[in-house]
Amino acid sequence: MTPPARRDGTPDQKIYLSKAKPARKQHVQQPNSEHNDGEGIRLQKVLAQAGVASRRMSEKLIDMGRVEVNGKIVTTQGMRINPDTAVVRVDGVRIRVNDNLQYFILNKPYGVQSTMHDDLGRPCIGDIIGEKIDAGQRLFHVGRLDAATEGLLLLTNDGELANRLTHPTYEIAKTYLATVIGEANRRLIRTLKNGIELDDGPARADYVQIVDVHDGKSLIRVELHEGRKHIVRRMLKEVGYPVERLVRTRIHTVQLGDQTPGTIRALNDAELSSLYKAVGM
1 MTPPARRDGT
11 PDQKIYLSKA
21 KPARKQHVQQ
31 PNSEHNDGEG
41 IRLQKVLAQA
51 GVASRRMSEK
61 LIDMGRVEVN
71 GKIVTTQGMR
81 INPDTAVVRV
91 DGVRIRVNDN
101 LQYFILNKPY
111 GVQSTMHDDL
121 GRPCIGDIIG
131 EKIDAGQRLF
141 HVGRLDAATE
151 GLLLLTNDGE
161 LANRLTHPTY
171 EIAKTYLATV
181 IGEANRRLIR
191 TLKNGIELDD
201 GPARADYVQI
211 VDVHDGKSLI
221 RVELHEGRKH
231 IVRRMLKEVG
241 YPVERLVRTR
251 IHTVQLGDQT
261 PGTIRALNDA
271 ELSSLYKAVG
281 M
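If you count by UniProt numbering, then the sequence shown holds residues 1 to 281, one letter each, in order.
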């Protein structure tokens with residue numbers, strides 16, 4: 001399984017990071033205006049506003065050569081940058097200085113469509129996050145969960161991150177808890193991990209655990225990086241354990257935890273940093 005991220009999302013060495021957020025893009029061409037003292041915002045002010053450290057401590061970090069802008073170490077005070085395009089790192093840790101990007105986790109309830117609007121009038125994500133939409137936040141969901149599947153759904157306005165998280169190249173792991181009909185045994189674990197043949201090709205789980213077996217039913221934890229439609233339901237049905245309830249509990253290291261159905265929360269810095277690292281951003 002994928003090892004969990006550090007709680008604070010920072011490297012082992014001591015650095016002055018408190019509320020700093022990872023940024024969106026990793027490679028941005030450096031505009032010429034960033035070296036023009038008449039344009040942009042001073043680097044130490046940007047660092048302070050991003051929660052890296054106080055402005056005075058940010059100046060010390062620059063003096064020590066621990067701040068990097070667009071791939072180049074900065075040691076001179078007074079540099080001005082454009083926060084919307086500049087790539088800023090402190091001790092190699094990417095800092096998000098663009099506050100326009102939003103990231104949320106929704107615990108999608110059973111029966112809710114993974115759409116912002118449903119022409120048939122069925123309950124949908126847009127009904128839950130309507131206040132944020134009314135406030136002008138243009139959010140979209142990363143991937144989908146069918147109406148009968150509950151659990152973790154990422155919402156963001158960061159198109160680059162969303163595209164990479166759903167692209168098969170990056171093999172982002174997703175974890176599900178499935179309540180199935182039938183009392184499972186270790187043969188089920190071996191079968192799913194070895195792989196089975198479905199109508200649209202082979203499918204294999206990265207990790208399988210039998211959590212509980214009781215009264216003719218089983219609770220199964222399945223982790224896989226597949227993104228095909230209904231893949232978990234189809235795999236379990238194929239091996240003789242039809243799904244009665246399915247909940248997605250984790251994407252990479254971002255976990256649903258004890259978040260109740262229908263609620264939404266912002267990703268913390270460590271979670272966001274872990275996602276960006278997983279997709280090379």
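Heads up, the beta-carbon is just placed ideally off N, CA and C, and yes, glycines get one too.
**Pick from Tyr241, Gln102 and Ala50 that is closest to Thr179, judged by C-alpha positions** = Looking up residue 179 in the sequence shown gives position 179. Looking at the Cα atoms, Tyr241 is the closest of the given residues.
**Residues near Glu68 by beta carbon distance below 6 angstroms, same chain, minus five either side** = As a working note, residue 68 is residue 68 in the sequence shown. If we look at Glu68 and ignore the five residues flanking it on each side, its Cβ neighbours are Arg89.
**Message:** Using only the alpha-carbon positions, how far apart do Arg56 and Thr253 sit?
**Reply:** Numbered from its first residue, the sequence shown carries residue 56 at position 56. Numbered from its first residue, the sequence shown carries residue 253 at position 253. Between Arg56 and Thr253, the C-alpha separation is close to 34 angstroms.
**Message:** With distance defined between alpha-carbon atoms, name the residue in Gln77, Arg234 and Asp127 nearest to Ala203.
**Reply:** As a first step, residue 203 must be located in the sequence shown, where it is residue number 203. Checking every option, the nearest Cα to that of Ala203 belongs to Arg234.
**Asked** Should Gln77 go down as buried or exposed, given a rule of 16 or more other Cβ atoms within 10 Å for buried?
**Response** Reading the sequence shown from its first residue, position 77 is the one you call residue 77. Burial call: exposed.
**Rounded straight-line distance, which links the Cα of Ala147 to that of Leu236** = The residue you call residue 236 lines up with position 236 of the sequence shown. The residue you call residue 147 lines up with position 147 of the sequence shown. Rounded to the nearest angstrom, the two C-alpha atoms are 18 angstroms apart.
**Asked** Considering only residues of the segment 94-176, which uninterrupted beta strand (DSSP E) runs meet the minimum length of 3 residues and lie entirely inside it, listed in chain order?
**Response** 103-108, 140-142 and 149-156
**Prompt:** Which of the three DSSP states, helix, strand or coil, is assigned to Asp212?
**Reply:** Start at 1 with the first residue of the sequence shown, and residue 212 comes out as number 212. In this structure, Asp212 counts as strand in the three-state DSSP scheme.
**Prompt:** Between the beta-carbon of Leu198 and the beta-carbon of Glu238, is there less than 8 angstroms?
**Reply:** The sequence position of residue 198 within the sequence shown is 198, counting from 1. The sequence position of residue 238 within the sequence shown is 238, counting from 1. Yes, Cβ-Cβ distance for Leu198 and Glu238 is below 8 angstroms.
**Request:** Thinking Ile210 and Ala173 are a contact (beta carbons under 8 angstroms), I'd like their distance in whole angstroms, please.
**Result:** One-based indexing of the sequence shown puts residue 210 at position 210. One-based indexing of the sequence shown puts residue 173 at position 173. Not confirmed; about 19 angstroms, so no contact.
**Message:** Assuming Ser54 is part of the beta strand (DSSP E), what are its boundary residues?
**Reply:** Numbered from its first residue, the sequence shown carries residue 54 at position 54. Segment: none, Ser54 is in no beta strand (DSSP E) and carries neither H nor E.
**Request:** Compute the Euclidean distance between the alpha carbons of Asp269 and Arg94, then round it to the nearest angstrom.
**Result:** By one-based count along the sequence shown, residue 269 stands at place 269. By one-based count along the sequence shown, residue 94 stands at place 94. C-alpha separation (whole angstroms): 11 angstroms.
**Message:** So, for Lys14: in the same chain, excluding its five sequence neighbours on each side, which residues have a beta-carbon less than 7 angstroms away from its beta-carbon?
**Reply:** Counting from one through the sequence shown, the residue named residue 14 turns up at place 14. In this prediction, Lys14 has a pLDDT of 43, which is less than 50 and means its spatial position is unreliable; what the coordinates show is noted afterwards. Here the set comprises nothing.
**Asked** Helix, strand or coil for Ala191 per DSSP?
**Response** Walking along the sequence shown from the start, residue 191 turns up at place 191. A small correction: the amino acid at residue 191 is Thr; Ala does not occupy that position in the sequence shown. Of the three classes helix, strand and coil, the one that applies to Thr191 here is helix, per DSSP.
**Message:** Please classify residue 318 as buried or exposed, where buried requires at least 16 other C-beta atoms within 10 Å of its C-beta.
**Reply:** Because the chain here runs from 1 to 281, residue 318 falls outside it and cannot be looked at.
**Item:** Own chain, CB closer than 6 angstroms to residue 306, minus 5 neighbours either side, in chain order
**Value:** Within the shown structure, residues of the chain are numbered from 1 to 281, placing residue 306 beyond reach of any answer.
**Request:** Specify, as a first and last residue, the run of the alpha helix (DSSP H) that Val239 falls within.
**Result:** Translated into positions along the sequence shown, residue 239 becomes position 239. From DSSP, Val239 is part of no alpha helix (DSSP H); its letter is neither H nor E.
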